[in-house]
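Enquirer: Chains as they are written, first to last, in the working numbering: chain A, 28 to 334; chain B, -13 to 252; chain C, 79 to 364. Here a beta-carbon is modelled for each residue, glycine too, at the ideal position from N, C-alpha and C. Only a predicted model underlies this, so the values are computations on that prediction, with no experimental measurement involved.
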Amino acid sequence: MLTPPSSRRRLGRPVSSRAADGVVKRIISLSGVLAIVILAAIGIFLGLNAVRALHDVGFWTMATGTEWYPTIAEPRFGFVPLLAGSAAVTLTALLLSVPVSIAAALFISEFANRRVKDVAKSIIEFMAAVPSVVYGLVGIAIVVPWVKETFELDSGLSALSGAIVLAFMIAPTIVSISEDALHAVPDELRQGSLALGNTRWQTSYKVVLPSASSGILAAVMLGMGRAIGETMAVLMLTGNAARIPGSLFDSVRTITGTIAAEMGSVVQGGLHQSVLFALGLVLFSITFAINLVADLVLEKQRKRWRR
Amino acid sequence: MVTGPANNGAKGSFDLKEVSVTYGSETAVAGVSMHIPPCAVTALIGPSGCGKSTLLRCLNRMNDELGNATVGGTILLDGVDIYGKELDPVELRTKVGQVFQKPNPFPMSIYDNVAYGPRTQGIRRRAELDEVVERSLKRSALWGEVKKDLKKHAFELSGGQQQRLCIARALATQPEVVLMDEPASSLDPISTQQIEDTIAELKEHVTIVIVTHNMQQAARISDQTAFMLRESMEAPAELIEVGETRVMFTNPRDKRTEAYITGRFG
Amino acid sequence: MNRRIRQARIAQTVAVAVTGTAAALVVAAALFLLVYITVRGLPAISWEFLTDVPRQQMKAGGIFPVIMGTLALTLATAALSLPVGVAAGIYLSEYAPRSRFTRVIRLSISNMAGVPSIVYGLFGLALFVILMGIGKSILAGALTLACLTLPVIITATEEALRQIPTDLRQASLALGATRWRTIYKVVLPAAAPGIVTGSILGLSRAAGETAPILFTAAVYYKRQLPDSVFADVMALPYHIFILATQVTGRPDDIIWGTAFVLVGGVTAISVAAAAWRSAQRRKVRW
Ligand SMILES: Nc1ncnc2c1ncn2[C@@H]1O[C@H](COP(=O)(O)OP(=O)(O)OP(=O)(O)O)[C@@H](O)[C@H]1O
Ligand SMILES: [Mg+2]
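#1: Could you list which residues in chain B have their beta carbon closer than 8 Å to that of glutamine 241 of chain C, in chain order?
#2: Check the DSSP bridge columns for glycine 139 of chain C and list the partner residues they point to.
#3: Measuring CB to CB, does valine 195 of chain B end up less than 8 Å from leucine 63 of chain B?
#4: For aspartate 322 of chain A, count neighbouring Cβ atoms within 10 angstroms of its own Cβ and tell me buried if that reaches 16, exposed if not.
#5: Let me know the alpha helix (DSSP H) ranges lying completely inside the segment 69 to 154 of chain B, each 4 residues or longer, listed in chain order.
#6: Just verifying my parser: in three-state terms, what is the DSSP assignment at glutamate 101 of chain A?
#7: Under a criterion of Cβ closer than 5 Å to any non-hydrogen atom of ligand 3, which residues qualify, in chain order?
#8: Distance check for glutamine 328 of chain A and leucine 17 of chain A, CA to CA, integer angstroms please.
#9: Measure the alpha-carbon distance for leucine 262 of chain A versus leucine 164 of chain A and round it to whole angstroms.
#10: Closer than 8 Å by beta-carbon distance: list the chain A residues that pair up with tryptophan 125 of chain C, in chain order.
#11: The beta strand (DSSP E) spanning leucine 62 of chain B covers which residue range?
#12: Run through the segment 210 to 241 of chain A for me and flag every whole alpha helix (DSSP H) of 4 or more residues, listed as ranges in chain order.
#13: Output needed for alanine 120 of chain A: all residues of its chain with C-beta closer than 7 Å, excluding positions within five of it in sequence on either side, in chain order.
#14: Along the segment 194 to 219 of chain C, where does the CB come closer than 9 Å to a CB of chain A? Name the residues.
#15: Relative to ligand 2, is the shortest distance from any of its heavy atoms to the C-beta of valine 195 of chain B smaller than 7 Å?
#16: Identify whether histidine 259 of chain B lies in helix, strand or coil by the three-state DSSP scheme.
#17: Under a three-way DSSP split, which group does glutamine 210 of chain B fall into?
#18: Give a yes or no on whether the C-beta atoms belonging to leucine 42 of chain B and aspartate 167 of chain B are separated by under 8 Å.
#19: Shorter than 8 Å from the beta carbon of aspartate 46 of chain B to some beta carbon of chain C?
#20: Just to make sure I have the definition right: I need the residues of chain C whose C-beta is within less than 7 Å of the C-beta of valine 84 of chain B. Which are they?
#21: Per DSSP, threonine 13 of chain B forms a beta bridge with which residues?
#22: Who are the near neighbours of leucine 73 of chain A in its chain, counting only those whose CB is closer than 7 Å to its CB and skipping five residues on each side?
#23: Around the C-beta of tryptophan 87 of chain A, are 16 or more other C-beta atoms found within 10 angstroms, so that it is buried, or is it exposed?
#24: How far does the alpha helix (DSSP H) with glycine 284 of chain A in it extend, from its first residue to its last?
#25: Taking leucine 321 of chain C as the reference, which of C/Ala138, C/Val117, C/Arg81, C/Val341 has the closest Cα?
#26: With 16 as the cutoff for other CB atoms within 10 Å, does isoleucine 167 of chain A come out buried or exposed?
#27: Mind checking which residues open and close the beta strand (DSSP E) that includes methionine 166 of chain B?
#28: Any contact of the segment 149 to 163 of chain A with the segment 282 to 292 of chain C, i.e. 3+ C-beta pairs under 8 Å?
#29: So which of A/Ala115, A/Trp332, A/Arg270, A/Ser274 has the shortest CA-CA distance to phenylalanine 104 of chain A?
#30: Using the rule of at least 16 other Cβ atoms within 10 Å of the residue's Cβ for burial, across every protein chain shown, is proline 238 of chain B buried or exposed?
#31: Name the chain C residues whose beta carbon is nearer than 9 Å to that of phenylalanine 92 of chain B?
#32: Can you have a look at glutamine 148 of chain B and say buried or exposed, based on whether 16 or more other CB atoms are within 10 angstroms of its CB?
#33: In three-state DSSP terms, what is lysine -3 of chain B?
#34: What separation, rounded to the nearest whole angstrom, lies between the Cα atoms of glycine 297 of chain A and proline 108 of chain A?
#35: What residues from chain C crowd round proline 172 of chain A, counting only those whose CB sits closer than 8 Å?
#36: Which residues in the same chain as threonine 163 of chain C place their Cβ atom closer than 6 Å to its Cβ, once the five residues preceding and following it in sequence are excluded?
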């Protein structure tokens, strides 16, 4: 590059950098759009691979079929046992996790001092970073034997074992998003209530919790999305019997567990593979809907406090 | 018309004709016509929200960066329309520098801060950069305090030193004009004094347009003063009076100017 | 003191106790996890364990190829997702207009973050392994993991850029720098600690994922180290899964040793990144 003399008047900014500015902007804008492209591509590619299943088996047959025998001579591809398995594990996990998680978020946001808050948050962050196989492993080592002994079962591999471990796995999500929602409530509201002679607790449930309710709802939904989509831990803990469970002590097979367990042994391009893609599409649609609603709720909440 | 002390063919004079600025659909400033003489200090005064910053940002087209502002009328810099086709805003800004209200050094060393502008213009030679850095720091009266350690991180300087660093940074591109938006409002009295001394020296070579809320400061340092006022939130702000500072502060033409200067105003 | 106030006081005490117990429970669970993995895994760690190949149907020997496999996958994921993710973050923070389209982009990004990892696995299988014909390989696995990590990196970048005061950008523009030069020379360096830390957190998540690499990269057993990005690999999380569920007579010390290496590695890197960021923050304060 030419070095311009240090004259008082200088027009000599390299013109190329201005052109480069436009090019860079275009490249960067392109990558901005990528998220939409990938999300659409996921739907499209799962759909394309599911075409054969939809054609040969039919959506309603799959969606309402109560038998899942994918490898017998006359295979049955009914999703109901798998949906029931996912539902049983997910709902139980939510039941166990939600009350504790929201209470914990409330404590961290409203009652804990700065230090406790920071420590608790980083420990919970660690909990979210532990890989799901490791949760599965700890579940096998601790939860499965415990369930077996406590409830005197033949095997501890059951919906309950999966749900217990899942409850711990989704706790960080629910705690941290709920805590964000509580934290977003402006302090003036709290002070207003305290100044009227309310205790901190009265302030919490009369003012703070209602103000943050939509964000907490979103937290629960996102936790639910996690639970439905969680694969490895449930695969390792639920025993994977593809039957509609009669109780929580039964072995169940979830949507995710089925895909993970069976995709490795299917014939490439075969019907079974296509059915598994259809199952994946169902899973994707469910979580997509849950996430979308939760995000819209969160967006609305964020707007509300922005003045 | 006011002229600065060294006005023989000097560069850096502005001519504003019917300048207006609209944010979205709200016109903030309208009908401003004035001359800004070269190598002199012009002060913009007026109550808060009357569009001083807005008008100042027109002069280096920083309003373009806000995204929602449109500028009307014409602004000539030494006879060249700065909103015209032949002048790029990026190029304009190397000739019209700006110092902001809060000191905003870049998170890098003192040296790199001052060298930022020249490097942007493509200067790479160490010797030349060294020279520009030294000259700029001397002109902003910071050299003596920092010459021992130019590699020091800019954030380690005090607020007043940071602001003088920002002035040096603006001077390093060898601008014809430096715009200052309340450059001393966040500083202590001693730092303020230093900045004012710097301005007095700078006007030998560059045109300075300064926004200030401090009447004494305007009276002390400026050659020409422009008083702006927005009489209601519905109407845009206007230029009420512009003239030689000494005259304006002793004998304002407009009643509203007098009220403002003497402090009998909101 | 009247009764109403006394009751309110009691309610307050009870509420703090109850919610505090809940918080303690969650924190205790996390700590227990950390301690339990360490207690069971640490004794298995030896120089031999870290540098030897698996032996006797993986019931003895070490996990060297497994560690290298996860390293290769993670580095390839970083190489693929960082440039695009950071660029997208820059777009959102510096260029994106306030429009409905931008809103759709944002919604897509947060939605992507909630897509189950097994769905990414299916996507990677369909697109990279089958359609593009890359086959089960580091590349296919890394592409899949890159999709999964992208939202984390984008969000981290955008948030880090938003922390940088507008003043700083204006100062650079006012010196005659272009938009891009301003970003590249001033904004990005200032935001680097946040971007790097956030990205490392995302990448360490990717290192622990099993479901996405199940069909796209991971193999049961492979002695030799990968020689190209088209080779398949062993990986720590998959190894744990296999050892825990498919190998008869579970070799407990090897399983927990592997789990410790995975969790310890991921945690150590995340903690180091977070510590580095707060050290930088202390130095550079707006
Ligand atoms: N980016 C913007 N978008 C919309 N309106 C703006 C913007 N910047 C300024 N305004 C409006 O323009 C008017 C003038 O603002 P400006 O900041 O120029 O005033 P000022 O005289 O510099 O005030 P102060 O002395 O407080 O700095 C105000 O009504 C303000 O609300
Ligand atoms: Mg202003």
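Expert: Checking against the coordinates, here is how it stands:
#1: What glutamine 241 of chain C touches in chain B: nothing, since even the nearest Cβ is about 12 Å away.
#2: C/Pro132
#3: no
#4: buried
#5: 75 to 81, 96 to 106, 112 to 125, 129 to 132
#6: coil
#7: The model on display carries ligand 1 and ligand 2 but not ligand 3.
#8: This structure cannot settle anything about residue 17 of chain A, because the visible part of chain A is limited to 28 through 334.
#9: 11 Å
#10: What tryptophan 125 of chain C touches in chain A: nothing, since even the nearest Cβ is about 23 Å away.
#11: 55 to 63
#12: 214 to 222, 227 to 230
#13: Ala190, Leu193, Ala194, Ile197, Ala254
#14: Of all residues in the segment 194 to 219 of chain C, the ones placed with a Cβ closer than 9 Å to any Cβ belonging to chain A are Pro194, Ser195, Ile196, Val197, Tyr198, Gly199, Leu200, Phe201, Leu203, Ala204, Leu205, Ile208, Leu209, in chain order.
#15: no
#16: Residue 259 of chain B lies beyond the residue range present for chain B, which begins at -13 and ends at 252; the question has no answer from this structure.
#17: strand
#18: yes
#19: One point to set straight first is that residue 46 of chain B is asparagine, not aspartate, in the sequence displayed. At a cut-off of 8 Å between beta carbons, asparagine 46 of chain B contacts chain C.
#20: The sequence as given places glutamine at residue 84 of chain B; valine does not occur at that position. Those are Ala252, listed as they occur along chain C.
#21: Paired residues: B/Thr8.
#22: Cβ-Cβ distances below 7 Å link leucine 73 of chain A to Phe304, Gly307, Leu308, Phe311 in the same chain, with the five nearest sequence neighbours on each side left out; the list follows chain order.
#23: exposed
#24: 282 to 289
#25: C/Ala138
#26: Flag for isoleucine 167 of chain A reads buried.
#27: 163 to 167
#28: Contact between the segment 149 to 163 of chain A and the segment 282 to 292 of chain C is established, with three or more Cβ pairs separated by less than 8 Å.
#29: A/Arg270
#30: buried
#31: Leu246, Ala249, Ser250, Lys263, Val264, Pro267, Ala268
#32: buried
#33: coil
#34: 22 Å
#35: Ordered by position in chain C, no residue passes the 8 Å Cβ test against proline 172 of chain A, which lies about 13 Å from the chain.
#36: According to the sequence provided, residue 163 of chain C is glycine. The question's threonine does not apply to it. For glycine 163 of chain C, where only same-chain residues beyond five positions count, the Cβ hits under 6 Å are Leu228, Ile231, Ile232.
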